[in-house]
Amino acid sequence: AGKSTFIESAKLYADPSYVVNDDRIGIGNESHTQGVHVEEVTTSLPIYRLYDLNDSRELDTSQIKDEKAFKTLLVREDDLELRAEEVPGSKLVRFRIFDTPGLDDTNGNDIQNIARIFSALATVNTFNLIIIVDSHYVPLIPSQKSAFATYFDLFQEWKDLLTIVHTHVPNRHRYPGVNTKLDDKLSERSMFFNQTLGREIPSKRIDCNLEEAGPAHIWLTRNTIREILEIATVKIPVTRERTHVHKLQMMTAIDDIVHRRYEGKLDPAHKACDSLRKLSEAAQLALKIEDTKREITRINELLRQYDMFRQHWVKSGVLQEVLLDYFYKFEHGNTRQDIERWRSELNTLNTRLEDQNRKHTTLTVIAQHNAGDPSENMEQLMSKISKYRM
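Numbering (the working numbering), first residue to last: 123 to 512.
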């Protein structure tokens, strides 16, 4: 979605001489961020301003009041200069940014990624901002809503810290009304997250195109980054002790004590515990199965869109404007390789789903057998265990 690219852009904002680390930037749905990486950005939060070299005066961007003037500004290069200017009274601020694997973008490993995120955040005392980096090129399918709701429930104490950053929004479309379809699309995506979380979340739009060298483009990107970083300085921080990160650590410690204390108790309790563990494993596997199904649905949707794109191309030979947003990546090469890769991934995912369903059935059968009653559920097992605790 552009998380690592955003961080690289933030480093450029803080230090224009910074050399971008291309190895940290992913492509499409295959994030380069496989673990949780901590990045630091130290800055006094300067404001970037444009100067007209024809008269050496600051350009009054507030006078840009129409689309034509805005587009003219974006193409000006030789007669514009970009300068970073300190805000009076500003102090250096050190931001520790956690670059995490994205949900639904690293080969279906969402559960493992959540575990890695929790493990990394357990070392942090306070949190100031949670950024949801959203690329509008990634389709949002209905089954994702329940998945996102589950993930966000784990971070419920941080909901006041959430901000959505819509990435891959071309600067030429930043002016209001230039691309109403894109505006509507981004509004719908914001509404998706608002409805999932049950509250309105502030949002920003940014391009983060690291290859864009025009002064006005850089001016827009860096000042947007400043606005986002500034949000972190004014939010009321949340301490770790108030979060699930701390609670899960405490629960794990208590579980270890209970396990050691009652190890070797009566055999029925052991069987009930074993059944409970098997059911717990089955429940976790069920989440993985849902992740796999969502990934299969997503790839099927991409292939369906591509087939629709090809059929329309054959019939008319001309792309309708309504398809341009959907098929942006198809216009930028690697189409055949992408389709072959998606089909290969689809075969792999279908095989994985069969294997997961088989394992889930096996775990459930073993759990019910050990419990001694095929109809026994997890709540009943917990009741049985409590009878053998002193």
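Note that the Cβ used here is the ideal one computed from N, Cα and C, for glycine as well.
Inter-residue Cα distance where the pair is E180 and A354: Sequence index remark: in the sequence shown, residue 180 carries index 58 (1-based). Sequence index remark: in the sequence shown, residue 354 carries index 232 (1-based). Whole-angstrom Cα-Cα distance: 29 Å.
Proximity of I65 and N479 at Cβ, strictly below 8 Å: Past the edges of the chain, shown from 123 to 512, lies residue 65, and the structure says nothing about it.
Terminal residues of the beta strand (DSSP E) in which A206 lies: Position 84 of the sequence shown, counted from the first residue, corresponds to residue 206. Per DSSP, A206 belongs to the beta strand (DSSP E) from L202 to E207.
Burial state of S126 (16 or more Cβ within 10 Å): Mapped onto the sequence shown, residue 126 falls at position 4. With 16 or more Cβ atoms within 10 Å of its Cβ, S126 is classed as buried.
First and last residue of the uninterrupted beta strand (DSSP E) at R198: By 1-based counting over the sequence shown, the position of residue 198 is 76. No beta strand (DSSP E) holds R198; DSSP gives it neither H nor E.
P337 vs L175 beta-carbon contact at 8 Å: Here residue 337 corresponds to residue number 215 of the sequence shown, with the count starting at 1. Here residue 175 corresponds to residue number 53 of the sequence shown, with the count starting at 1. Contact flag unset, no.
Three-pair Cβ contact test at 8 Å for the stretch 331-346 versus the stretch 196-203: yes
The alpha helix (DSSP H) enclosing I350, as first and last residue numbers: The residue you call residue 350 lines up with position 228 of the sequence shown. That run of the alpha helix (DSSP H) goes P337 to V356.
Three-state class that DSSP yields for K326 in the structure shown: Working through the sequence shown from its first residue, we reach residue 326 at position 204. The answer is strand: DSSP assigns K326 an E or B state.
Contained beta strand (DSSP E) runs [length at least 3] in the stretch 242-325, N- to C-terminal order: 252-257 and 284-289
Residue environment, D137, which counts as buried when at least 16 other CB atoms sit within 10 Å: Taking the first residue of the sequence shown as 1, we reach residue 137 at position 15. Answer is exposed; the Cβ neighbour count stays below 16.
Simplified DSSP assignment, three categories, for T165: Here the question's residue 165 lines up with position 43 in the sequence shown. Residue state, collapsed to three classes: strand.
Cβ shell of V209 (< 8 Å), same chain only, five flanking positions each side left out: On the sequence shown, residue 209 is found 87 positions in, with the first residue counted as 1. The answer, listed in chain order, is S166, L167, P168 and I169.
Per-residue burial, D119 [other beta carbons within 10 Å of its own, 16 or more giving buried]: As displayed, the chain neither begins before 123 nor continues past 512, which places residue 119 out of reach and without an answer.
Local Cβ density within 10 Å of K251, reported as buried at 16 or more and exposed below that: Here the question's residue 251 lines up with position 129 in the sequence shown. Looking at the sequence provided, one finds Leu at residue 251 rather than Lys. Per the 10 Å Cβ criterion, buried.
I254 beta carbon less than 8 Å from that of F315: Against the sequence shown, residue 315 aligns to sequence position 193. Against the sequence shown, residue 254 aligns to sequence position 132. Going by C-beta atoms, F315 is nearer than 8 Å to I254.
Start-to-end residues for the beta strand (DSSP E) that takes in I219: In the sequence shown, residue 219 corresponds to position 97, counting from 1. Residues V215 to D221.
Span of the alpha helix (DSSP H), counted from its first residue to its last, around T127: Translated into positions along the sequence shown, residue 127 becomes position 5. K125 to A136 is the span of the alpha helix (DSSP H), which, as asked, contains T127.
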